[in-house]
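One structure below.
There are 2 protein chains.
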Amino acid sequence: MLVTDDDRKTWQTVQDEVRLRISQRVWKPGDLIPHEADLATEFGCARATVNRALRGLADAGLLERRRKAGTRVALNPVRRAEFSIPVIREEIEGRGQRYGYKIFLREMRVPPPDVQARLQLDGTQPILHLQTLYTADNRPYVFETRWINSIAVPDVLSAEFEKLSPNEWLVREVAFDGGDFTFSGIAATEQEAAVLGCKLGEGLLVLDRTTRQADRMITSVRLLFHPGYRMHTRC
Amino acid sequence: MLVTDDDRKTWQTVQDEVRLRISQRVWKPGDLIPHEADLATEFGCARATVNRALRGLADAGLLERRRKAGTRVALNPVRRAEFSIPVIREEIEGRGQRYGYKIFLREMRVPPPDVQARLQLDGTQPILHLQTLYTADNRPYVFETRWINSIAVPDVLSAEFEKLSPNEWLVREVAFDGGDFTFSGIAATEQEAAVLGCKLGEGLLVLDRTTRQADRMITSVRLLFHPGYRMHTRC
DNA sequence: ATTATGTTTATGTATATACATATTAACCTG
DNA sequence: CAGGTTAATATGTATATACATAAACATAAT
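Chains A and B, in that order, give the protein sequences.
Each residue of the first sequence is one higher than the one before, starting from 118 at the first, in our numbering.
Each residue of the second sequence is one higher than the one before, starting from 118 at the first, in our numbering.
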């Protein structure tokens with residue numbers, strides 16, 4: 118017969134069923150759901166399988182689990198939006214556009230106080246400062262102002278950035294382990310409008326990013342996207 | 118003796134060690150790492166334990182795993198920033214500020230084409246339209262323009278929104294499954310400046326959000342944050 | 001040469017079992 | 001009855017084992 122009598126119980130099956138019961142409000146927010154052993158017998162599988170399924174849902178924020186207390190449906194399913202922060206070249210080429218970049222400025226300079234704070238520097242040490250415009254099909258895409266802690270990453274001083282943009286150079290040469298992201302909105306100043314080829318006062322999306330490796334602050338970047346840019350994600 | 122001879126090998130231990138080797142470039146991006154069985158013997162634990170550890174790192178984007186091909190260190194550790202999208206009240210109260218909101222507009226109206234598209238409506242049906250200003254310590258915090266698919270959620274028509282804001286009402290009454298998020302930046306129009314109490318043309322962060330439940334589009338919101346607002350996260 | 005076919009191998013998953021750990025609930029004890 | 005001790009219990013983890021599955025690789029058939 119053609120019926121796929123696929124009674125096999127995988128953790129996915131269990132997870133889907135639990136997710137369904139939550140979304141259909143069979144189990145309402147705040148409710149205690151049956152414990153693993155009961156669900157295991159109900160679904161005809163091992164407790165480990167149920168555990169895997171429920172753990173996943175707990176990680177996703179849909180369930181809250183505590184030893185002995187049991188598992189309950191989260192009261193406010195902590196909605197999370199996950200942005201993938203791609204290499205700019207890949208983002209542009211992924212849209213089928215031609216990627217390019219141009220370094221406007223490269224200097225050693227003592228950074229302004231806010232950058233000093235983010236990079237945990239003491240205010241006397243000059244570090245590498247770069248301003249780069251990335252283009253898609255020759256049109257301004259994003260303007261990058263980057264400070265690189267060249268004390269922590271001395272190799273960067275000899276980098277040419279001819280083939281590889283600062284963005285890609287760092288991704289390749291330094292193993293990041295974490296960072297901060299901040300989105301904000303600003304109106305383009307005259308300078309910024311000139312670089313991005315837009316009108317004075319246009320609204321722009323700004324992404325400030327600081328990355329570190331093992332407690333050493335590596336770089337602080339401000340990305341100023343072209344007008345109309347939208348940072349999108351699903352969840 | 119005082120030495121904690123804690124030789125117990127948990128998946129966390131293994132994960133930490135692997136993470137360390139990646140960040141210290143013992144295993145460089147693109148490298149194939151030993152397979153599970155070998156790591157298991159090296160760490161003196163079961164393969165399942167190694168599997169758990171590596172699976173976690175793969176989920177986090179640090180490793181790429183393929184059957185038969187093995188496990189390799191990701192070339193570009195897909196940096197992900199995860200934003201938690203809190204209920205506005207909690208975000209404001211979490212900062213120790215006084216929360217308030219005021220509904221400016223409540224009407225039934227056929228939404229503009231972009232909203233129609235997002236909500237998958239056919240352009241003839243009026244739905245609920247709300248404009249709400251949320252305040253922190255009586256100062257404008259975020260201006261919300263919300264369209265609710267009142268065909269899918271008829272109960273919303275009888276909601277008063279006196280105790281609960283539209284935001285919280287929906288979180289409580291509807292079990293969302295997913296949605297879209299888009300960040301962008303705009304310059305305040307005269308109207309927007311008036312509502313948010315800022316100057317004409319100031320740069321504002323905008324968050325557009327559409328949420329659905331089981332393929333039914335529920336609501337589409339535009340959040341216009343006050344000037345200087347920063348959406349922040351770590352990773 | 002190109003296309004099937006099969007073999008090997010590393011990861012993916014399921015299971016029973018055992019013990020660890022956090023936390024509640026019940027029970028003493030002063 | 002307060003306060004501490006103990007038992008009960010649900011989740012968390014580790015392990016050995018077994019089999020599933022995808023993909024790379026080798027080999028045979030067209």
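Where a beta carbon is used, it is the ideal one built from N, C-alpha and C, also for glycine.
Keep in mind that this is a model prediction, so the values were computed, not measured.
Per the DSSP calculation, residue i is bridged to which residue(s)?
| i | result |
| --- | --- |
| residue 300 (chain B) | A:348, B:324 |
| residue 293 (chain A) | DSSP, once it has assigned bridges, lists no residue as partnering residue 293 (chain A). |
| residue 330 (chain B) | B:333 |
| residue 248 (chain B) | B:222, B:262 |
| residue 191 (chain A) | Answer is none; residue 191 (chain A) lacks a bridge partner. |
| residue 318 (chain B) | DSSP output for residue 318 (chain B) lists no bridge partner at all. |
| residue 201 (chain B) | A:197 |
| residue 182 (chain A) | A:188 |
| residue 149 (chain A) | A:189 |
| residue 338 (chain B) | B:263, B:326 |
| residue 217 (chain B) | B:252 |
| residue 271 (chain A) | Residue 271 (chain A) pairs with nothing; no bridge assigned. |
| residue 257 (chain B) | B:252 |
Should residue i go down as buried or exposed, given a rule of 16 or more other Cβ atoms within 10 Å for buried?
| i | result |
| --- | --- |
| residue 294 (chain A) | buried |
| residue 230 (chain A) | exposed |
| residue 296 (chain B) | buried |
| residue 194 (chain A) | buried |
| residue 302 (chain A) | buried |
| residue 225 (chain A) | exposed |
| residue 332 (chain B) | exposed |
| residue 249 (chain A) | buried |
| residue 256 (chain B) | exposed |
| residue 152 (chain B) | exposed |
| residue 118 (chain B) | Low per-residue confidence applies at residue 118 (chain B): pLDDT is 33, beneath 50, and the placement is therefore not dependable, though the value from the model is reported in the following sentence. Under this definition residue 118 (chain B) is an exposed residue. |
| residue 212 (chain B) | exposed |
| residue 352 (chain A) | buried |
| residue 141 (chain B) | exposed |
| residue 289 (chain A) | exposed |
| residue 129 (chain B) | exposed |
| residue 127 (chain A) | exposed |
| residue 122 (chain B) | Because residue 122 (chain B) sits at a pLDDT of 38, beneath the cut-off of 50, its placement in the model cannot be relied upon, and the following sentence gives the value as read from the coordinates. Per the 10 Å Cβ criterion, exposed. |
| residue 166 (chain B) | buried |
| residue 261 (chain B) | buried |
| residue 137 (chain A) | exposed |
| residue 133 (chain B) | exposed |
| residue 120 (chain A) | In this prediction, residue 120 (chain A) scores a pLDDT of 35, lower than 50, which makes its location untrustworthy; no coordinate-derived value is stated. |
What first and last residue would you give for the beta strand (DSSP E) that runs through residue i?
| i | result |
| --- | --- |
| residue 173 (chain A) | Where residue 173 (chain A) is concerned, there is no enclosing beta strand (DSSP E), although the alpha helix (DSSP H) it sits in stretches over 164-176. |
| residue 211 (chain A) | Careful: residue 211 (chain A) lies outside any beta strand (DSSP E), inside the alpha helix (DSSP H) at 205-211. |
| residue 281 (chain A) | Note, residue 281 (chain A): premise wrong, no beta strand (DSSP E); not H, not E. |
Between which two residues does the alpha helix (DSSP H) carrying residue i extend?
| i | result |
| --- | --- |
| residue 235 (chain A) | 230-236 |
| residue 158 (chain B) | 153-160 |
| residue 142 (chain B) | Careful: residue 142 (chain B) lies outside any alpha helix (DSSP H) and carries neither H nor E. |
| residue 310 (chain A) | 307-313 |
Beta-carbon separation of residue i and residue j under 8 Å?
| i | j | result |
| --- | --- | --- |
| residue 337 (chain A) | residue 286 (chain A) | no |
| residue 228 (chain B) | residue 236 (chain B) | yes |
| residue 189 (chain B) | residue 147 (chain B) | yes |
| residue 69 (chain B) | residue 305 (chain B) | A question about residue 69 (chain B) goes unanswered here, because the residues of chain B that appear run from 118 up to 352. |
| residue 204 (chain A) | residue 160 (chain A) | no |
| residue 300 (chain B) | residue 348 (chain A) | yes |
| residue 253 (chain A) | residue 214 (chain A) | yes |
| residue 242 (chain A) | residue 220 (chain A) | no |
| residue 197 (chain B) | residue 202 (chain A) | yes |
| residue 143 (chain A) | residue 170 (chain A) | no |
| residue 320 (chain B) | residue 283 (chain B) | no |
| residue 245 (chain A) | residue 274 (chain A) | yes |
| residue 175 (chain A) | residue 182 (chain A) | yes |
| residue 350 (chain B) | residue 298 (chain A) | yes |
| residue 291 (chain A) | residue 312 (chain A) | no |
| residue 157 (chain A) | residue 163 (chain A) | yes |
Return yes when the C-beta of residue i is under 7 Å from any heavy atom of the ligand PLP, and no when it is not.
| i | result |
| --- | --- |
| residue 352 (chain A) | No copy of the ligand PLP appears in this structure; indeed no ligand is present at all. |
Fill in: Under 7 Å (Cβ pairs) to chain B, residues found in the region 309-338 of chain A
318, 319, 320, 321, 322, 323, 330, 331
Fill in: Against chain A: residues of the region 199-222 of chain B by CB proximity under 9 Å
199, 200, 201, 202, 203, 204, 207
Worksheet item: the region 172-190 of chain B: which residues have C-beta closer than 7 Å to a C-beta of chain A, in chain order?
Response: none
Discussion item. What are the residues in the region 290-303 of chain A lying within 8 Å of chain B by C-beta distance?
Written reply: 292, 293, 294, 295, 296, 297, 298, 299, 300, 301, 302, 303
Discussion item. Tell me which residues of the region 247-259 of chain A have at least one Cβ-Cβ distance to chain B shorter than 7 Å, keeping chain order.
Written reply: none
Item to complete: Taking only beta carbons into account, state which residues of the region 133-155 of chain B come closer than 7 Å to chain A, listed in chain order.
Response: 139, 140, 142
Worksheet item: Closer than 9 Å, Cβ to any Cβ of chain A: which residues of the region 263-279 of chain B, in chain order?
Response: none
Worksheet item: If contact means a Cβ-Cβ distance below 7 Å, which residues of the region 223-237 of chain B contact chain A?
Response: none
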